[in-house]
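This note's numbering applies: residue 71 is where the sequence shown begins, and numbers increase by one. Here a beta-carbon is modelled for each residue, glycine too, at the ideal position from N, C-alpha and C. This one's a predicted model, so the numbers in the text were calculated from it and none came from an experiment. Accompanying notes for the structure given below.
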Amino acid sequence: MVGKLVPTGVLARELGVDVRTLHRWVKAELLVPDLTTPGGHMRWNVERVRRELREQRRRDE
Numbered sequence: 071m072v073g074k075l076v077p078t079g080v081l082a083r084e085l086g087v088d089v090r091t092l093h094r095w096v097k098a099e100l101l102v103p104d105l106t107t108p109g110g111h112m113r114w115n116v117e118r119v120r121r122e123l124r125e126q127r128r129r130d131e
């Protein structure tokens, strides 16, 4: 089941990072949004992003 999708600002607050940081990560292909609206707004599953960031940190250690 897909969890609730939140806008970029909500994800940024949940992760404690700036919205611009998330945009940089997307541009660098470190993260991919779960959904991009026709207007270009990104939507995210917070738990999936947290899981991906944890996995990336483990690989970098």
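With a Cβ-Cβ cutoff of 8 Å, do V32 and T78 count as a contact? Residue 32 lies beyond the range of the chain shown here (71 to 131); nothing can be said about it.
Report back the beta-carbon spacing between P103 and W114 to the nearest angstrom; my notes put them in contact at under 8 Å. 6 Å
Identify, in the order they occur along the chain, each residue of the same chain with its Cβ nearer than 6 Å to the Cβ of M112, setting aside the five sequence neighbours on each side. T78, P103, T106
In whole angstroms, what is the alpha-carbon distance linking L75 and L81? 9 Å
Close-in-space but distant-in-sequence residues of the same chain around E117 (CB under 7 Å, 5 per side omitted): G73
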